[in-house]
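Colleague: Just so you know, the sequences run in chain order A and B. Its first residue numbered 1, the first sequence is counted upward by one per residue in my numbering. Its first residue numbered 1, the second sequence is counted upward by one per residue in my numbering. Where is the CB? At the ideal position from N, CA and C, for every residue including glycine.
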Amino acid sequence: MCADIEICNLRDAVVRYIEDGFGVICMYAIEPGEVPRSLQVIMRKGEDIVRLSSDIDGRSYPSLAISIPELRFYEREISEMNGITSIGLPVFGPQRIMWRYKDAYPLQKAELPRDRISVPMLGNGIQGEGVFEIPVGPVHAGVIEPGHFRFSVAGEPMLKVKAHLGFTHRGIERLLETSADKDNTRIIERISGDTAVANSLAYAHAVEGEREVPYRAKLMRVIFAELERVHCHLNDISGIAQDTAFVVPSALGAGIREKVLRLNEEIGGHRYLMGTIIPGGVRKDISDDDIEAIDKRIMKMRFDLEELMEMMSSSTTFTDRVETTGILTHEDAMAVRAVGPVARASGVVSDVRKDRPYDAYNTLGMKVVSSDKCDVLSRLKVKAGEITESASMINQCLNHMEDGPLFEKVSLREGFSFGLVEAPRGELMHALHVVNGKVWRHKIRDPSFINWNALELALPGNIVPDFPLINKSFNLSYSGNDL
Amino acid sequence: MIDAIIEMPMVDEKCDRCGKCVRNCASGALFIKDGWSIDLGKCILCYDCMDSCDHIFPVPAPHYALNRKDLVISSSEDIKKCETELSKDKTKRIGKSVFIRELDTGSCNACESEINCTSNKYYDLERFGLRIVSSPRHADVILVTGPMTRNMSAAAKKVYDAVPDDKLVIACGACAISGGLFAGGDVMGNGIEDTFPVDIFIPGCPPSPERIIVSVLKAFGFIH
Chain A
1 MCADIEICNL RDAVVRYIED GFGVICMYAI EPGEVPRSLQ VIMRKGEDIV
51 RLSSDIDGRS YPSLAISIPE LRFYEREISE MNGITSIGLP VFGPQRIMWR
101 YKDAYPLQKA ELPRDRISVP MLGNGIQGEG VFEIPVGPVH AGVIEPGHFR
151 FSVAGEPMLK VKAHLGFTHR GIERLLETSA DKDNTRIIER ISGDTAVANS
201 LAYAHAVEGE REVPYRAKLM RVIFAELERV HCHLNDISGI AQDTAFVVPS
251 ALGAGIREKV LRLNEEIGGH RYLMGTIIPG GVRKDISDDD IEAIDKRIMK
301 MRFDLEELME MMSSSTTFTD RVETTGILTH EDAMAVRAVG PVARASGVVS
351 DVRKDRPYDA YNTLGMKVVS SDKCDVLSRL KVKAGEITES ASMINQCLNH
401 MEDGPLFEKV SLREGFSFGL VEAPRGELMH ALHVVNGKVW RHKIRDPSFI
451 NWNALELALP GNIVPDFPLI NKSFNLSYSG NDL
Chain B
1 MIDAIIEMPM VDEKCDRCGK CVRNCASGAL FIKDGWSIDL GKCILCYDCM
51 DSCDHIFPVP APHYALNRKD LVISSSEDIK KCETELSKDK TKRIGKSVFI
101 RELDTGSCNA CESEINCTSN KYYDLERFGL RIVSSPRHAD VILVTGPMTR
151 NMSAAAKKVY DAVPDDKLVI ACGACAISGG LFAGGDVMGN GIEDTFPVDI
201 FIPGCPPSPE RIIVSVLKAF GFIH
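Shown next as structure tokens:
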């Protein structure tokens, strides 16, 4: 559903929808040119999607975040990428980019100038006797993506942590503004390498709109998406064990994950399943032998995982480290509208696969795994539970598999298109505005964009050495956030 | 030891240079100039070109190259020229144990994931004398992934300076070699070579763990 609203009434309208039980998925701005400059707010309640659109005159609008605090990140993003400021919102440091243009901004339709001014990085602003600020990054000790963190500490516990991201900002949203008949799947798969399937699936849904894809393709998409969830979550389980220096389960977890990656390569041709999903269906077919192989190896994976979880939960030194560590309270999770396994481990039972089923999910039986303990252990258990659910869904798909075509040709239509899927990290949205055969705006809302803010709320009170552990239990993508 | 063959597209003699594959290529790796050529440094190995043409068939691809221009391949003969050993002056100081520092300059995290996989029990790179270290100051080799984003360039230069001299740089993946699909984005030039000199190029998107290990071992002359 779409509603055009005067900009001065937008805040009240959003507040009304939120009181009705809607949650904001994304807010973004559209550049002027062939369409007027406008602000878009997309909200969801269960299956219903509402899009509020307001035209803006000039370069400012009354802040919505004054009444709806979870929107402040979007307002910062809009002011940085589109050069439109919100009136009433205090200005914070950069959201993604560490420089700005003079009289220009990154998403403008005109050519970008060469001169840039760097934006200074702000400190945490906490001062006092015995309070220190520890800067960490962007290059970390492990093999992970770049990000800069500032810990304010008094003794061992952290008082405040601020994540300064944007080091992997590649300007993807601008790169995606191409002609509408160009297939951008290849670049979209590489937004965040370990969520290649989820990203290409969201894009495919946006391109397809209401059009149905063949039944075989629907089942195969579920298989690929769930295999991706399995390897992504196994990485976290192995990583959490690694960060508590519990090396045997860590090595076992990495071994199980490697087996899943090799299975991916055999059936999809790529270890991270890039190139398997295209708008209109799937590109790779699986044979009867593959079906048998998947069935057997997923079953084996389940037993291996059970053994691994048993080993971890029976170690008191391990459980002592992860219990009551990194608590993201239910209220905090609601306040930033956290998504994915992180939110489900804090008692927010929300899953796009259940609430707004896409592809073959409405024909499959699935349970939304959740917990209300809110700590690292509960996130670990939710992820392990989701792997088991994924395995069961893959089995159901294999049993339902029937012969048929793999894809139908589709092309992007004029106007607004929208795709929403449950990525391994949570709700992932692609929204496209096509104007006169050209993609005018391609907005991507990665789950990590929200959950980074949830992480900052979960950290205070914990000791600095627990930061890697808590960070791993959230498993956030830097490249998906930075775009 | 390890079976690490990947395939790259190559044309047969019936190719009439119609240019259909060039138009279909998402990464701009294919071009026609006095004959059909592929730039393996840009290729993301998606095989879209093979779907569009019957005259393109897969051939085993080289694991690595020491020069950027060796990755531009026009015939099967060119593939053989790629995998050469580093000169002795470059490897003399490093000896037989290679300490590697990974540096992400804006990759999509698939390369990181593969580099992490090199330490799992299936590959276990430490048995070959290779080791991934935590600090640039402990390293002999910088393994760079990503297209060198503008935001990361200052930090990347600091890492390069922090590694002791006689260092080697490995560009891992299509992004690091040529900018890949992000060459037109918010990045510094085409690939990391515009920021600092590169000694080994490992093409792929992402290169698999076994190929990363085999490339390093072969380039240092530990295996032949």
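Of all Cβ atoms in chain A, is any one closer than 8 Å to the Cβ of B/M1?
Modeller: Because the pLDDT at B/M1 is just 44, under 50, the model does not fix this residue reliably, and the value given afterwards should be weighed accordingly. Output row for B/M1: interface = no.
Colleague: Indicate whether the contact test is met: 3 or more Cβ pairs, each with one atom in the segment 193-206 of chain A and one in the segment 135-146 of chain A, closer than 8 Å.
Modeller: Contact fails: fewer than three Cβ-Cβ distances are below 8 Å.
Colleague: The alpha helix (DSSP H) that contains B/K92, what's its start and end?
Modeller: Per DSSP, B/K92 belongs to no alpha helix (DSSP H) and is neither H nor E.
Colleague: Just to confirm before moving on: does the CB-CB distance between B/C226 and B/A176 stay below 8 Å?
Modeller: Outside the shown range of chain B, which is 1 to 224, sits residue 226 of chain B, and nothing can be said about it.
Colleague: Is there a C-beta anywhere in chain B that falls below 8 Å from the one on A/I272?
Modeller: Correcting the residue identity first, residue 272 of chain A is Tyr in this sequence and not Ile. Yes, A/Y272 lies at the interface with chain B (some Cβ there is under 8 Å from its Cβ).
Colleague: DSSP three-state label for A/T85, please.
Modeller: Reduced to three states, the DSSP call for A/T85 is strand.
Colleague: Kindly indicate which residue of A/T85, A/I68, A/I294, A/S118 has the alpha-carbon position closest to the one of A/M401.
Modeller: For A/M401, the nearest C-alpha among the options comes from A/I294.
Colleague: Let's see if you can read the secondary structure: which residues bound the beta strand (DSSP E) around A/M301?
Modeller: Where A/M301 is concerned, there is no enclosing beta strand (DSSP E), although the alpha helix (DSSP H) it sits in stretches over 288-313.
Colleague: Could you tell me which residues DSSP puts in a beta bridge with B/R101?
Modeller: B/R101 pairs with B/I142.
Colleague: For A/L455, which three-state DSSP category applies?
Modeller: A/L455 falls in the helix class under three-state DSSP.
Colleague: Within its chain, find whatever has a CB closer than 6 Å to the CB of B/M1; leave out the 5 residues flanking it on each side and keep chain order.
Modeller: Only weak support is given to the placement of B/M1: the predicted model assigns it a pLDDT of 44, under 50, and the question is left unresolved by the model.
Colleague: Given that A/G426 touches chain B, what residues does it touch there, using C-beta distances under 9 Å?
Modeller: Those within 9 Å of A/G426 in chain B number zero; the least Cβ separation is about 16 Å.
Colleague: A/S411 versus chain B: which residues are under 8 Å apart at the beta carbon?
Modeller: None at all; the shortest Cβ gap to chain B is about 16 Å.
Colleague: If you measure from the beta carbon of B/M50 to each beta carbon in chain A, is any gap under 8 Å?
Modeller: No - not a single Cβ of chain A is within 8 Å of the one on B/M50.
Colleague: Identify every run of the beta strand (DSSP E) within the segment 357-430 of chain A, keeping only runs that are complete inside it and at least 3 residues long; order them along the chain.
Modeller: Qualifying beta strand (DSSP E) stretches, in chain order: 415-423.
Colleague: Need the endpoints of the beta strand (DSSP E) that A/K162 sits in, please.
Modeller: 158-164 is the extent of the beta strand (DSSP E) around A/K162.
Colleague: How is the alpha helix (DSSP H) around A/G480 delimited, first residue to last?
Modeller: Residues 478-482.
Colleague: Would you say B/C117 lies against chain A (beta-carbon separation less than 8 Å)?
Modeller: Yes, B/C117 lies at the interface with chain A (some Cβ there is under 8 Å from its Cβ).
Colleague: Would you say A/G480 and A/A180 are within 8 Å of each other, going by their C-beta atoms?
Modeller: No.
Colleague: What residue ranges within the segment 161-249 of chain A form continuous alpha helix (DSSP H) runs of no fewer than 4 residues, ordered along the chain?
Modeller: Segments of the alpha helix (DSSP H) lying fully in the segment 161-249 of chain A: 172-175, 185-189, 196-208, 215-243.
Colleague: Do A/G426 and A/V369 have their CB atoms nearer than 8 Å?
Modeller: Cβ distance not < 8 Å, so A/G426 and A/V369 don't count as in contact.
Colleague: Cutting at 6 Å between CB atoms, please list the residues of its own chain near B/A302, excluding the five before and the five after it.
Modeller: Examination of residue 302 of chain B is not possible in this model, given that chain B is present from 1 through 224 alone.
Colleague: When DSSP labels each residue in this structure, what does B/C21 get in the three-state scheme?
Modeller: The answer is helix: DSSP assigns B/C21 an H, G or I state.
Colleague: Out of B/G95, B/K88, B/Y64, which has the shortest C-alpha to C-alpha gap to B/G41?
Modeller: That would be B/Y64, whose Cα lies nearest to the Cα of B/G41.
Colleague: Using the three-state DSSP reduction, which class does A/L52 fall into: helix, strand or coil?
Modeller: Three-state result, A/L52: strand.
Colleague: Report the partner residues of A/H140 according to the DSSP bridge assignment.
Modeller: Per DSSP, none; premise fails for A/H140.
Colleague: Counting only Cβ pairs nearer than 9 Å, list the residues of chain A close to B/M8.
Modeller: Here the premise fails: no neighbours, minimum Cβ distance about 14 Å.
Colleague: On the criterion of 16 or more Cβ atoms from any shown chain inside 10 Å, does A/N9 qualify as buried, or is it exposed?
Modeller: Looking at its Cβ environment, which holds fewer than 16 other Cβ atoms inside 10 Å, A/N9 is exposed.
Colleague: If you compare alpha carbons, which of B/Y47, B/R23, B/G146 is closest to B/G180?
Modeller: B/G180 has its Cα closest to that of B/G146, out of B/Y47, B/R23, B/G146.
Colleague: A/P138 versus chain E: which residues are under 8 Å apart at the beta carbon?
Modeller: As a matter of chain content, chain E is missing from the structure shown, whose protein chains are A and B.
Colleague: If you run the structure through DSSP and keep just helix, strand and coil, what is A/D20?
Modeller: Looking at A/D20 - three-state DSSP - the assignment turns out to be coil, as it is neither helix nor strand.
Colleague: Applying a beta-carbon distance threshold of less than 7 Å, which residues of chain B neighbour A/M98?
Modeller: Neighbours of A/M98 on chain B, chain order: N151.
Colleague: Report the CB separation of A/V15 from A/S53 in whole angstroms; it is logged as a contact under 8 Å.
Modeller: Not really, about 17 Å apart at Cβ, beyond 8 Å.
Colleague: For B/K81, report the span of its alpha helix (DSSP H) as first-last.
Modeller: No alpha helix (DSSP H) holds B/K81; DSSP gives it neither H nor E.
Colleague: Kindly say whether B/P203, judged by its beta-carbon, lies nearer than 8 Å to any beta-carbon of chain A.
Modeller: So, not an interface residue.
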